[in-house]
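Trainee: Heads up: the sequence shown begins at 1 in the UniProt record's numbering, then just goes up one per residue.
We put the CB at the ideal spot given by N, CA and C, even for glycine.
Just so we're clear, the structure is a prediction, and the values are computed from it rather than from any experiment.
I'd like to ask some things about the structure below.
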Amino acid sequence: MSKVQVSLYARNLPNVAGLFKGTSDPYAIVKKLTQGGSPVEIGRTEVVKNTLSPTWTKRFIVDYELGHTTFLSFAVYDKTDKGDKPMGSAMFNIANVLAAKGNTKGKHAKGGGTIFVKIQKYEEKGTLRLQLKGIELKSTEGLGLGILTRPNPFFEIHKRSISGSNWDLVHRSAPVKNTLDPVFSEAVIDLGTLCRGKLDLPLFIRIFAHDKKGKHEDMGGFETSVNGLVAAKNFSSTQDINQADLASAFTLRIGKSKKEMGQVVILRADLIGVATPKKDEESKRSVPAAAPAPAPAPADKVPVATAVPVAPAAFVPQAPAPAAPAAFVPPAPATDGPPPFVPPPASSGPAPFVPSTESGPAPFVPSAGSGPAPFVPSAGSGPAPFVPAAEETEPFVPPPPPPTFIDYVSGGCDLNLCVAVDFSSSNGDPRKSGTLHYFHRNGVEKNDYEMAISEIGGVLAEYDTDKKYPMWGFGAKFGGEIRHIFQCGRKTEVDGIDGMLFAYRQMFKAGLAMSEPTSIDEVIKTAARKAKTNMSNAKICGTQAYTVLLIITDGQLTDFNKTAKTIYEVNDAPLSLVIVGVGDGDMSGIKYLDNLKRDDRGIVKFVRYNDHKYSVESLSATTLEKIPDQLVSYFMKHGIKPNPPIQQKEEDIVIDDADDDDLNPFIPFETQGGGGYGGPGGGNQGGRGAPGGGGLGGQGGPSTRNMGYGGQGGPGGGNYGSQGGPSTRNM
């Protein structure tokens, strides 16, 4: 279980204040939704007055476990005295946001505008109790002296971004009315949010005069750090509000001329849950830090990732002549291994079933002072020996925690997914109902291979940035020759889950003969070479890469011994294997592969599909159970630390369209239909909701299963899923 920190902002929301009533005052309600659980409100942001593009400072800490589908819904309202009005809503999958560049995504809100969410790893770093006082502030209103009117000052704290090129808002105070000498309320600020626990991280504190229309007047600011605030507070000789020592005050400055706009005294700056700053640092006078360093100019020549061969080029066949298919001409062998073979297309239906009885060799099991006694002075009658006072020692600072999967993903580590499917004869004749590759005549229901591709491939694909995947097959003959790896479809990489399914189905029109032996060795070796190539190219570009190979099989491998040796040999590649067993056959051999390790690092995770067939949540959690630790162990073994989190510019953030099946957060949750269990041969994943509400979901019956979260919504409500039909599985 990890903790993540959620922050959000919105742009161009609709103004729902009403005619002649000014601009809306937006705030957001945040709710957490997990599969099978009820929505839970985790908090509300502060209200930001008179704006349609609010940046909320409140952060939300959420428990999150990788592999467990978790959504966050954000409902934005206009705060009014006569009842709050909805302004827009959106829902995000935490996994989607974590996998996005910069851990940030946007979505067009229902109702208008765009909602942005940023999710980062959170670690407890302690808190800062802070209180500020302004002295003789200057305002541009009322001749700058507050003669005609006095402002309502408030302050904001911004932290230096990770890139160092800009500032991120982290705290906003409440305004103090009608004064040029404001005493601001004490604030308790989380140090993880404020400065990522780095007490010397530059902070910028700026004071504004509050304006009802949202056009707040800049009254100046100063740069410091948490250590600077603590040092200034300790330097002051008194905490009496009326006699605060101005020698420790910060001067507010504004504009290029650095015009003085008053002073700020630190009345309180206490650290809780962290070590006290060193005395020599406390005595130093805090001065503004240097401006963010400009980005370095690009070099004359930027290194370009070279095209390192991943594997021998796949054979791409020509279309057959009308009279007879063209003869297969194998490609020239390469030096680093056999190529994925691309079978020729055919114009007719499924190929004849060709069983094989070949077998392989027996299984392979990989081998595997004391120091001097302390001095004890003898008792004597003379004076006691001089014992010098012990030197003051620095408090012990524990080492930082080891990096996590989220650290590497946040730093831009690219996860690449490859998929391999078993076409061997042990799967049965695909023309016969009940076999694993059988295509249902209704064109809707999926076989077990299609379900595994959709569900498990979908889980792993969340973390693949480009959504393009190599798709391979094994265990089939083309032109009488057994192929242990061949390309599925006409492209070396397919697009998304739909592309995987299309390429898989096309193979049964390509003239293959399902055969034996069943070997995954060449698939594993090819994936390992590709993983190393991806990592080498990423290193040239200053990034990182890791590869996950998804193998879907009936488990009837011919030579577990040889496969174990192959897995042992590729253990040092940046690679994880997820082997999914479909059907009811004996899979004890694959379970043996699951426990293989080399230098305490394993790379295999076995998932028996039928054990999780009716629980997407369980399937997702089991699939991702080992990958995070396997990824971290590889990078730690090679001394590779996570890159700093990526800072994404707003214009570069990926913005998704509003989803029609998003749960409407404005619907009271008590009106949601709870769903029901479908009968044999039919049923809905979720029941029909009450009027005004949507169905939250229930379990589908045998022979049918919905992948949506709920059933049909009631009158006036939205659907949070899809309604199932007899003998169908709805995606």
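(1) State the CB to CB distance for the pair Ser424 and Glu516, rounded to an integer number of angstroms; the pair is presumed to be in contact (CB under 8 Å).
(2) Count the other CB atoms, across all protein chains shown, that sit within 10 Å of the CB of Thr224; report buried if there are 16 or more and exposed otherwise.
(3) I believe Gly192 touches Glu124 by the beta-carbon criterion, under 8 Å. Please report the beta-carbon distance rounded to the nearest angstrom.
(4) When the distance is taken between beta carbons, is Asp78 closer than 8 Å to Ala174?
(5) The beta strand (DSSP E) that contains Ala476, what's its start and end?
(6) For Thr566, name the three-state secondary structure that DSSP assigns.
(7) Pairs of beta-carbons, one from the stretch 492–499 and one from the stretch 435–447, closer than 8 Å: are there three or more?
(8) Between the C-alpha atoms of Ile579 and Phe74, what's the straight-line distance to the nearest angstrom?
(9) Three-state secondary structure (DSSP) at Arg505?
(10) In the DSSP output, which residue or residues are listed as bridge partners for His171?
(11) Using the rule of at least 16 other Cβ atoms within 10 Å of the residue's Cβ for burial, across every protein chain shown, is Val6 buried or exposed?
(12) Let me know the secondary structure DSSP gives Leu199 once reduced to three states.
(13) Starting from Asn234, trace the beta strand (DSSP E) in both directions and tell me its first and last residue.
(14) DSSP has Ser2 in a bridge; who is on the other side?
(15) Going by CA-CA distance only, name the one from Leu267, Ala232 and Phe204 that's closest to Phe222.
(16) Do you know whose CA, among Thr69, Asn103, Thr114 and Gly67, lies nearest Ala90's CA?
(17) For the stretch 542–607, list the alpha helix (DSSP H) runs that are entirely contained and at least 4 residues long, ordered along the chain.
(18) Measuring alpha carbon to alpha carbon, tell me which of Lys256, Ile266, Gly214 and Ala209 ends up nearest Phe235.
(19) Here's the rule: buried if 16 or more other CB atoms are within 10 angstroms of the residue's CB, otherwise exposed. What is Arg129?
(20) With a threshold of 7 Å, establish whether the CB of Phe222 neighbours any heavy atom of the ligand ADP.
(21) So what does DSSP say about Gly36, is it helix, strand or coil?
(22) Do Asp554 and residue 737 have their beta-carbon atoms positioned less than 8 Å apart in this structure?
(23) Can Leu229 and Ala269 be called in contact, C-beta distance under 8 Å?
(24) If I measure Cβ to Cβ from Lys591 and keep anything under 7 Å in the same chain, skipping five residues before and after, which residues do I get?
(25) Identify every residue that forms a DSSP beta bridge with Gln263.
(26) Drop a sphere of 10 angstroms on the beta-carbon of residue 743, count the other beta-carbons inside from all chains shown, and report buried for 16 or more, exposed for fewer.
(27) I need the boundaries of the alpha helix (DSSP H) containing Glu455, first residue and last residue.
(28) Beta-carbon separation of Val616 and Gln35 under 8 Å?
(29) Go to Ser73, then tell me how far its alpha helix (DSSP H) extends in each direction, as first and last residue.
(30) Buried or exposed: where does Ile540 fall if 16 or more other Cβ atoms within 10 Å of its Cβ makes it buried?
(31) Can you look up Ser359 in the DSSP assignment and give me helix, strand or coil?
(32) Start and end of the alpha helix (DSSP H) containing Lys637?
(33) Which residues does DSSP list as the beta-bridge partners of Gly43?
(34) Put Glu650 into one of helix, strand or coil per three-state DSSP.
(35) Alpha carbon to alpha carbon, how far is Gly197 from Ile497? Give it in angstroms, no decimals.
(36) Which residue marks the beginning of the alpha helix (DSSP H) containing Gln105, and which one marks its end?
Mentor: Per the coordinate set shown:
(1) With 8 Å as the limit, Ser424 and Glu516 qualify as a contact, their Cβ atoms being about 6 Å apart.
(2) Here Thr224 is buried, its C-beta having at least 16 other C-beta atoms within 10 Å.
(3) Right, the Cβ-Cβ distance comes to about 7 Å (below 8 Å), so this counts as a contact.
(4) No, they are not a contact pair.
(5) Run containing Ala476: Ala476 to Phe478, per the beta strand (DSSP E) assignment.
(6) In the structure shown, the three-state DSSP call for Thr566 is helix.
(7) Because the criterion of three Cβ pairs below 8 Å is not met, the stretch 492–499 and the stretch 435–447 do not touch.
(8) One alpha carbon belongs to Ile579, the other to Phe74, and they sit about 37 Å apart.
(9) Here Arg505 sits in helix by DSSP.
(10) Note: His171 sits in a beta bridge opposite Ile157.
(11) Label assigned to Val6: buried.
(12) If DSSP states are grouped into helix, strand and coil, Leu199 belongs with coil.
(13) That residue, Asn234, is in no beta strand (DSSP E); its alpha helix (DSSP H) goes Val226 to Phe235.
(14) Bridge pairing for Ser2: Tyr64 [DSSP].
(15) Nearest option by C-alpha distance: Phe204.
(16) When C-alpha distances from Ala90 are compared across Thr69, Asn103, Thr114 and Gly67, the shortest belongs to Thr114.
(17) List check, alpha helix (DSSP H) in window: 560–569 and 588–594.
(18) The shortest C-alpha separation from Phe235 is found at Ile266.
(19) Residue environment for Arg129: exposed (fewer than 16 other C-beta atoms within 10 angstroms of its C-beta).
(20) Ligands are entirely absent from the displayed structure, and the ligand ADP is therefore not among its contents.
(21) In the structure shown, Gly36 falls within a coil segment according to DSSP collapsed to helix, strand and coil.
(22) The shown model of the chain, from 1 to 731, leaves out residue 737, and the question about it has no answer.
(23) Cβ atoms of Leu229 and Ala269: closer than 8 Å.
(24) These residues qualify, in order along the chain: Phe606.
(25) Paired residues: Ile135 and Thr251.
(26) The requested residue 743 does not occur in the structure, where the chain is confined to residues 1 to 731.
(27) Asp448 to Ala461 is the extent of the alpha helix (DSSP H) around Glu455.
(28) Judged by their CB atoms, Val616 and Gln35 are nearer to each other than the 8 Å cut-off.
(29) Careful: Ser73 lies outside any alpha helix (DSSP H), inside the beta strand (DSSP E) at Thr70 to Asp78.
(30) Note on Ile540: under 16 other CB atoms within 10 angstroms of its CB, so exposed under the neighbour-count rule.
(31) Here Ser359 scores only 46 on pLDDT, less than 50, and its place in the model is too uncertain to base an answer on.
(32) Counting along the chain, the alpha helix (DSSP H) containing Lys637 begins and ends at Ile627 to Lys637.
(33) Answer by DSSP bridge pairing, in chain order: Val30.
(34) DSSP places Glu650 in helix when its eight states are reduced to three.
(35) For Ile497 and Gly197, the distance between alpha carbons rounds to 41 Å.
(36) According to the sequence displayed, residue 105 carries Lys and not Gln. Annotation for Lys105: no alpha helix (DSSP H) segment contains it, though the beta strand (DSSP E) segment containing it runs Thr104 to His108.
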